[in-house]
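Here the structure comes first, spelled out in structure tokens, and everything after it is commentary.
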Amino acid sequence: MPRTLHPAILSVGRALPPNHVDQETLVAALSAYWGQKHFNVERLADVHRAAQVGGRHLALPLAEYPALDSFGKTNDVFIRVGVEVGEAAVRAGLAAAGLSPADVDHLWFVTVTGISTPSLDAKLANRLSLKPSVKRTPIFGLGCMAGAAGLARASDALRAFPGDVAVMLSVELCSLTLQRGDASVANLVATGLFGDGAAAVVMVGGARANGARVPRVVATRSVFYPDTEWVMGWDVVDTGFKVVLSAKVPEVIEARVGADVDAFLAAHGLARRDVTHWVAHTGGPKVLEAFRRGLDLPEAAIARSWRSLREVGNLSSASVLFVLGDLLESGEARPGDVGLLAAMGPGFSAELVLLRW
Amino acid sequence: MTEPEAAVTREILRIAREDLRLEGQPAPGEALASRLDSLALLALVVAVEDRFHVILTDDDGTRTRTLEDLARLVAARAPPELLPGAAATGVTP
Chain C
18 MPRTLHPAIL SVGRALPPNH VDQETLVAAL SAYWGQKHFN VERLADVHRA
68 AQVGGRHLAL PLAEYPALDS FGKTNDVFIR VGVEVGEAAV RAGLAAAGLS
118 PADVDHLWFV TVTGISTPSL DAKLANRLSL KPSVKRTPIF GLGCMAGAAG
168 LARASDALRA FPGDVAVMLS VELCSLTLQR GDASVANLVA TGLFGDGAAA
218 VVMVGGARAN GARVPRVVAT RSVFYPDTEW VMGWDVVDTG FKVVLSAKVP
268 EVIEARVGAD VDAFLAAHGL ARRDVTHWVA HTGGPKVLEA FRRGLDLPEA
318 AIARSWRSLR EVGNLSSASV LFVLGDLLES GEARPGDVGL LAAMGPGFSA
368 ELVLLRW
Chain B
204 MTEPEAAVTR EILRIAREDL RLEGQPAPGE ALASRLDSLA LLALVVAVED
254 RFHVILTDDD GTRTRTLEDL ARLVAARAPP ELLPGAAATG VTP
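Going line by line, the protein sequences match chains C and B.
Using our numbering, read the first sequence as starting at 18 and increasing by one per residue.
Using our numbering, read the second sequence as starting at 204 and increasing by one per residue.
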């Protein structure tokens with residue numbers, strides 16, 4: 018396909034809730050809950066420090082979390098705050114792209130941290146005064162992979178509608194999924210890692226990209242790993258979403274990512290050495306290391322992902338889009354550069370997106 | 204291995220099997236890390252600390268290679284009233 022027909026990414030709007038809390042303050046707050054359940058409270062602090070996250074932005078001020086004692090209450094907050102940060106991300110993305118809400122033809126919405134019907138994209142269509150013909154596609158359940166997968170599916174749609182504008186919005190308010198009664202190690206690890214945020218990718222079809230110096234989505238590939246449903250996900254319980262997290266996640270990634278990426282690149286006449294920009298999901302220290310080792314990359318190749326992890330934590334599906342936004346904003350990419358965006362999530366599966374500037 | 208150490212070993216295996224439902228439980232002389240992944244190992248350590256009111260440090264971790272090592276350390280460090288069998292002698296764990 019000629020380069021000009023590939024969909025293009027114009028911008029990534031990013032938004033964080035205003036309630037930033039440093040990691041030590043969070044450790045102290047959580048210790049108050051789990052100190053009654055665990056003899057060695059310092060171990061909680063050790064687990065959280067091992068996440069190498071400096072702090073997180075939270076949907077609510079820390080003092081308001083104890084009142085969230087039911088799934089209904091946390092989900093109400095998800096809807097209220099999710100619309101606010103989602104709107105901020107979409108407006109930021111559109112402004113950076115030089116577009117207005119009235120230009121949007123497709124609105125994709127991904128999340129795994131709350132539910133609503135109508136979905137948040139409908140509420141945003143009203144708040145943003147999107148046109149009545151806007152095509153809405155909410156996706157729930159792809160977890161951390163959904164930012165990459167949503168971007169890929171939006172680009173698929175833009176191949177069919179090359180004159181259209183698509184916004185792919187991720188809203189993840191992970192702090193609202195906190196299960197205070199769950200003193201499991203998986204929950205300890207998750208509460209040390211995940212933060213809240215929203216990101217909106219603004220894309221246009223190939224006919225509308227005007228040769229601007231922006232990345233084109235050349236190709237995408239989904240990789241499903243059979244019989245690995247147990248690796249990660251949610252158990253839905255009376256109080257909300259209880260995390261399922263296996264220590265096998267880094268192992269699966271390290272074992273598979275190299276061959277999967279190589280096959281994808283080879284299908285487009287490329288190899289790892291041709292990739293200048295690696296945009297990796299900030300799953301956590303072990304996930305990032307597994308990704309780097311699996312691809313035999315130098316540490317500098319994923320420095321942007323490490324920085325994002327340290328600054329805001331793992332934002333689930335929004336994470337990889339934050340890294341992409343940072344790369345676009347840096348202006349480092351040059352015409353002809355190749356980028357590979359990758360994220361993994363429940364399924365277990367991976368989503369790969371090939372970019373070319 | 205002394206009887207208290209053997210009793211602690213049995214109790215750790217019970218915790219792993221019944222409380223944590225861990226797969227791949229280690230034999231007493233087998234390296235813990237060879238049978239348990241990192242999260243499972245951490246879960247076991249946390250559960251042992253909670254059950255026996257001991258604190259296992261990083262240094263302990265480097266010296267504690269097998270289940271037997273862990274049981275010896277716990278038996279030496281745990282309050283006597285929390286060791287298995289203490290309840291049978293009239294001491295409440």
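Every residue, glycine too, gets a C-beta built ideally from N, C-alpha and C.
Since this is a predicted model, take the numbers as computed values, not measurements.
CB of residue i within 8 angstroms of CB of residue j, strictly
i: residue 373 of chain C; j: residue 355 of chain C; result: yes
i: residue 164 of chain C; j: residue 110 of chain C; result: no
i: residue 184 of chain C; j: residue 221 of chain C; result: no
i: residue 33 of chain C; j: residue 44 of chain C; result: no
i: residue 40 of chain C; j: residue 64 of chain C; result: no
i: residue 270 of chain B; j: residue 229 of chain B; result: yes
i: residue 91 of chain C; j: residue 250 of chain C; result: no
i: residue 335 of chain C; j: residue 162 of chain C; result: no
i: residue 214 of chain C; j: residue 102 of chain C; result: yes
i: residue 210 of chain C; j: residue 68 of chain C; result: yes
i: residue 124 of chain C; j: residue 96 of chain C; result: no
i: residue 152 of chain C; j: residue 173 of chain C; result: no
Under the three-state DSSP convention, the category residue i falls into
i: residue 195 of chain C; result: coil
i: residue 162 of chain C; result: helix
i: residue 36 of chain C; result: strand
i: residue 291 of chain B; result: Its pLDDT being 45, under 50, residue 291 of chain B is placed unreliably by the model, and nothing is read from it.
i: residue 296 of chain B; result: Note that residue 296 of chain B scores a pLDDT of 37, beneath 50, so its modelled location is shaky; the value from the coordinates is reported in the next line. Residue state, collapsed to three classes: coil.
i: residue 266 of chain B; result: helix
i: residue 236 of chain C; result: strand
i: residue 51 of chain C; result: helix
i: residue 222 of chain B; result: helix
i: residue 310 of chain C; result: helix
i: residue 302 of chain C; result: helix
Residue i classed as buried or exposed, judged by whether at least 16 other C-beta atoms fall within 10 angstroms
i: residue 322 of chain C; result: buried
i: residue 53 of chain C; result: exposed
i: residue 143 of chain C; result: exposed
i: residue 220 of chain B; result: exposed
i: residue 146 of chain C; result: exposed
i: residue 241 of chain C; result: exposed
i: residue 258 of chain B; result: exposed
i: residue 285 of chain C; result: exposed
i: residue 259 of chain C; result: buried
i: residue 369 of chain C; result: buried
i: residue 78 of chain C; result: exposed
Proximal residues of chain C, C-beta to C-beta of residue i below 7 angstroms
i: residue 218 of chain B; result: Those do not exist, as residue 218 of chain B stays about 13 angstroms from chain C at its closest Cβ, beyond 7 angstroms.
Run of the beta strand (DSSP E) containing residue i, from where it starts to where it stops
i: residue 258 of chain C; result: 257 to 262
i: residue 74 of chain C; result: 72 to 75
i: residue 214 of chain B; result: Careful: residue 214 of chain B lies outside any beta strand (DSSP E), inside the alpha helix (DSSP H) at 206 to 217.
i: residue 356 of chain C; result: 355 to 362
i: residue 373 of chain C; result: 366 to 373
i: residue 213 of chain C; result: 213 to 221
Residue interval of the alpha helix (DSSP H) (run including residue i)
i: residue 325 of chain C; result: 320 to 329
i: residue 281 of chain C; result: 265 to 283
i: residue 138 of chain C; result: 137 to 144
i: residue 258 of chain B; result: Unbroken run through residue 258 of chain B: none, as it is neither H nor E.
7 angstroms Cβ cut-off: residues of chain B touching residue i
i: residue 203 of chain C; result: 242
i: residue 56 of chain C; result: 252, 253 and 256
Contact set between residue i and chain C, taken where Cβ atoms lie within less than 9 angstroms
i: residue 245 of chain B; result: 60, 64, 202, 205, 206 and 264
Discussion item. To be precise: take each residue of the region 248 to 270 of chain B, compare its Cβ to all Cβ atoms of chain D, and keep it if any distance is under 7 angstroms. Which residues remain?
Written reply: Of the chains in the structure shown, none is chain D; the protein chains are C and B.
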